[in-house]
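Visitor: Per numbering that gives the first Met the number 0, the sequence shown starts with residue 0, numbered consecutively. Attaching a single structure in structure tokens format; questions to follow.
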Amino acid sequence: MTVRMTALRSVAPASDPVLSAFDPAPAAFDSAFAAFDSAFAAIGAVDSSLAAIGTVDPVPTAIGAAALIVGLAFLGYGASGTIDALRVLRTTATDPAGLDGAERRIRVTGRAAAIDRETLPSPFGGDPCLCLDYDVSELRSQGKGQSWVAIDGGEAGVPFRVEDGGTGVRVDPAAAAFSLDVDAKIKLDAGEEPPERVRGFIDAVDEVDAAETGYEVGPLTIGDDPRRRYVQRTLRPGDEVTVVGDSEAFPDAPVGEVKSRIADGSPFVVSDAGARRTALRLVGASAVPLVLGTVALAAAGLALSPAVAALV
Numbered sequence: 000m001t002v003r004m005t006a007l008r009s010v011a012p013a014s015d016p017v018l019s020a021f022d023p024a025p026a027a028f029d030s031a032f033a034a035f036d037s038a039f040a041a042i043g044a045v046d047s048s049l050a051a052i053g054t055v056d057p058v059p060t061a062i063g064a065a066a067l068i069v070g071l072a073f074l075g076y077g078a079s080g081t082i083d084a085l086r087v088l089r090t091t092a093t094d095p096a097g098l099d100g101a102e103r104r105i106r107v108t109g110r111a112a113a114i115d116r117e118t119l120p121s122p123f124g125g126d127p128c129l130c131l132d133y134d135v136s137e138l139r140s141q142g143k144g145q146s147w148v149a150i151d152g153g154e155a156g157v158p159f160r161v162e163d164g165g166t167g168v169r170v171d172p173a174a175a176a177f178s179l180d181v182d183a184k185i186k187l188d189a190g191e192e193p194p195e196r197v198r199g200f201i202d203a204v205d206e207v208d209a210a211e212t213g214y215e216v217g218p219l220t221i222g223d224d225p226r227r228r229y230v231q232r233t234l235r236p237g238d239e240v241t242v243v244g245d246s247e248a249f250p251d252a253p254v255g256e257v258k259s260r261i262a263d264g265s266p267f268v269v270s271d272a273g274a275r276r277t278a279l280r281l282v283g284a285s286a287v288p289l290v291l292g293t294v295a296l297a298a299a300g301l302a303l304s305p306a307v308a309a310l311v
């Protein structure tokens with residue numbers, strides 16, 4: 000058999016393409032085996048990672064993932080407030096008489112005036128106002144301490160006019176953020192009868208009942224926490240007002256108003272202060288979300304560190 004194969008090979012030309020096709024190709028086989036080895040090594044690495052992750056406690060990992068999401072949300076909210084503050088400072092101060100159609104990021108300042116005598120009653124007292132913001136909080140025991148917890152709140156506004164030098168521009172505050180000073184803060188202790196302006200609000204709003212009476216013994220409260228806090232912020236006719244937003248054409252404006260109105264913007268802010276103070280308020284309001292977001296991210300880092308270490 001060996002002799003016969005040798006004869007066949009000696010007869011066939013060395014460059015016969017048929018026999019060359021059946022000749023082994025060591026380099027090609029080596030490359031294929033190397034690729035298979037790499038694939039098996041990658042699969043092994045994945046298996047090792049999965050096995051390592053399987054040893055991690057899932058409860059801290061879930062808590063860390065939730066803290067990460069919450070932290071990013073707080074940071075996003077806080078960052079948006081800071082960005083709005085910078086935009087308020089960079090807006091262009093514009094005289095209402097100079098408005099003509101659509102303009103972006105303008106700032107008008109003047110006196111707030113009612114349109115067709117339309118106003119809103121303030122929550123605590125019923126005084127006429129154009130924009131309002133209020134909240135009702137209750138002092139509650141939480142763990143070893145106490146903190147104010149909001150139990151009701153809201154904001155509202157009606158269209159009004161910003162007047163300066165006899166010319167006005169209409170503002171529709173439905174989509175605006177309000178930056179207003181506190182003009183009423185009422186605190187009620189245990190057994191204290193609400194004043195008439197607060198009593199009228201309690202009787203009109205179903206969500207807010209009269210405070211339950213507890214008993215205070217030194218720093219402790221037995222029973223329901225009795226303390227309530229009522230805070231309102233309002234913009235009244237005649238108040239100084241600053242509005243930051245985008246203007247749009249308003250061809251139906253009556254006599255005394257320019258053919259533009261402000262009803263939107265990024266940011267869109269109605270404030271009873273100047274641009275600088277308004278920006279400081281926006282930064283102050285964003286400070287708490289930024290701090291909470293940073294704390295949440297730090298907690299997420301600690302909770303997720305075992306899972307990250309297992310992957311690495």
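Even for Gly, the Cβ is constructed at its ideal location relative to N, Cα and C.
Compare the beta carbon distance of valine 374 and proline 172 with 8 Å and say whether it is the shorter of the two.
Guide: Nothing in the structure corresponds to residue 374, since the chain is present only between 0 and 311.
Visitor: Does at least one heavy atom of the ligand MG sit under 7 Å from the Cβ of arginine 198?
Guide: Questions concerning the ligand MG fall outside what the structure shown contains, since it holds no ligand whatsoever.
Visitor: Considering Cα atoms alone, identify which of Pro122, Gly109, Thr233 and Ala78 is closest to alanine 92.
Guide: Residue numbering aside, residue 92 sits at position 93 when the sequence shown is read from its first letter. Among Pro122, Gly109, Thr233 and Ala78, the Cα nearest to that of alanine 92 is on Gly109.
Visitor: Does aspartate 312 come out as helix, strand or coil in the three-state DSSP assignment?
Guide: This structure does not reach residue 312, given that the chain is present from 0 up to 311, and the question cannot be answered.
Visitor: For glycine 68, does the count of other Cβ atoms within 10 angstroms reach 16, so buried, or fall short, so exposed?
Guide: Counting from one through the sequence shown, the residue named residue 68 turns up at place 69. Contrary to the premise, residue 68 reads as isoleucine rather than glycine in this sequence. With a threshold of 16 other beta carbon atoms within 10 Å, isoleucine 68 falls short and is exposed.
Visitor: By a C-beta neighbour count over all protein chains shown, 10 Å radius and 16 as the cutoff for buried, is glutamate 192 buried or exposed?
Guide: One-based indexing of the sequence shown puts residue 192 at position 193. So glutamate 192 ends up on the exposed side.
Visitor: Please state if the CB of valine 157 and the CB of leucine 119 are separated by a distance shorter than 8 Å.
Guide: Indexing the sequence shown from 1 puts residue 119 at position 120. Indexing the sequence shown from 1 puts residue 157 at position 158. Yes, these two residues count as a Cβ contact at 8 Å.
Visitor: Let me check one thing: in DSSP terms, what residues is valine 269 bridge-paired to?
Guide: Residue mapping note: residue 269 aligns to position 270 of the sequence shown, counting from 1. Looking at the DSSP assignment, valine 269 forms a beta bridge with Phe177 and Val242.
Visitor: In angstroms, rounded to a whole number, what distance separates the CA positions of glycine 199 and leucine 296?
Guide: As a working note, residue 199 is residue 200 in the sequence shown. As a working note, residue 296 is residue 297 in the sequence shown. If I take the Cα positions, the gap works out to 44 Å.
Visitor: Distance, Cα to Cα, arginine 106 vs glutamine 141?
Guide: Along the sequence shown, read from residue 1 onward, the residue named residue 106 stands at position 107. Along the sequence shown, read from residue 1 onward, the residue named residue 141 stands at position 142. Approximately 43 Å between the Cα atoms of the pair.
Visitor: Across which residues does DSSP place isoleucine 169 in a beta bridge pair?
Guide: Against the sequence shown, residue 169 aligns to sequence position 170. The sequence shown places arginine at residue 169, rather than the isoleucine named in the question. Arginine 169 pairs with Arg160 and Arg260.
Visitor: Taking just the CA atoms, how far does valine 148 sit from aspartate 238?
Guide: Residue numbering aside, residue 238 sits at position 239 when the sequence shown is read from its first letter. Residue numbering aside, residue 148 sits at position 149 when the sequence shown is read from its first letter. Here the C-alpha atom of aspartate 238 lies approximately 31 Å from the C-alpha atom of valine 148.
Visitor: Would you kindly work out how many angstroms separate the C-alpha atoms of alanine 298 and phenylalanine 159, rounded to a whole number?
Guide: Indexing the sequence shown from 1 puts residue 298 at position 299. Indexing the sequence shown from 1 puts residue 159 at position 160. Whole-angstrom Cα-Cα distance: 46 Å.
Visitor: Is valine 254 helix, strand or coil by DSSP?
Guide: Looking up residue 254 in the sequence shown gives position 255. Three-state DSSP puts valine 254 in coil, outside helix and strand.
Visitor: Can you find the residues in the same chain that come closer than 6 Å, C-beta to C-beta, to glutamate 206, ignoring five residues on each side of it along the sequence?
Guide: For the purposes of this step, residue 206 is taken as the residue at position 207 of the sequence shown. Within the same chain, Asp151 come within 6 Å of glutamate 206 by CB-CB distance, once the 5 residues on both sides are set aside.
Visitor: By alpha-carbon positions, which one of Glu195, Leu301, Leu303 and Val290 ends up nearest to alanine 72?
Guide: By 1-based counting over the sequence shown, the position of residue 72 is 73. With distances taken between CA atoms, alanine 72 lies nearest to Val290 out of Glu195, Leu301, Leu303 and Val290.
Visitor: Quick one: what does DSSP say aspartate 115 is sitting in, helix, strand or coil?
Guide: The count along the sequence shown starts at 1 and reaches residue 115 at position 116. Aspartate 115 falls in the coil class under three-state DSSP.
Visitor: Identify the residues that DSSP records as bridge partners of aspartate 151: which are they?
Guide: Against the sequence shown, residue 151 aligns to sequence position 152. Bridge partners of aspartate 151: Val135.
Visitor: How many Å lie between threonine 212 and valine 204 at the Cα?
Guide: Position 213 of the sequence shown holds residue 212. Position 205 of the sequence shown holds residue 204. Unreliable positioning characterises threonine 212 in this predicted model, as indicated by a pLDDT of 46, which lies under 50. A coordinate reading is not provided.
Visitor: Rounded C-beta distance between threonine 138 and arginine 226? I'm assuming under 8 Å.
Guide: Translated into positions along the sequence shown, residue 138 becomes position 139. Translated into positions along the sequence shown, residue 226 becomes position 227. Sequence inspection shows leucine at residue 138; the threonine mentioned does not correspond to that position. Indeed they touch by this definition, with Cβ atoms about 4 Å apart.
Visitor: Which partner residues of serine 146 appear in the DSSP bridge assignment?
Guide: Numbered from its first residue, the sequence shown carries residue 146 at position 147. Beta-bridge pairing links serine 146 to Arg139.
Visitor: Roughly how many whole angstroms lie between the Cα atoms of lysine 143 and alanine 176?
Guide: On the sequence shown, position 144 is the one that residue 143 refers to. On the sequence shown, position 177 is the one that residue 176 refers to. Cα to Cα, the separation comes out at about 35 Å.
Visitor: Just confirm the distance between the C-beta atoms of proline 95 and valine 161, as a whole number of angstroms; I'd bet it's less than 8 Å.
Guide: Position 96 of the sequence shown, counting from 1, holds the residue named residue 95. Position 162 of the sequence shown, counting from 1, holds the residue named residue 161. That pair is a contact at about 6 Å.
Visitor: Leucine 88 by DSSP, collapsed to three states: which one?
Guide: Taking the sequence shown and counting its residues from 1, the one referred to as residue 88 is at position 89. Three-state result, leucine 88: helix.
Visitor: Measure how close the beta-carbons of leucine 131 and alanine 113 come, nearest whole angstrom, since I'm counting them as under 8 Å.
Guide: Position 132 of the sequence shown, counted from the start, is the residue given in the question as residue 131. Position 114 of the sequence shown, counted from the start, is the residue given in the question as residue 113. Contact flag wrong, Cβ pair sits at about 14 Å.
Visitor: Quick one, which of Asp99, Pro122, Gly97 and Cys128 has its alpha-carbon nearest alanine 111's?
Guide: In the sequence shown, the residue the question calls residue 111 occupies position 112. Of the candidates Asp99, Pro122, Gly97 and Cys128, the one whose C-alpha sits nearest the C-alpha of alanine 111 is Cys128.
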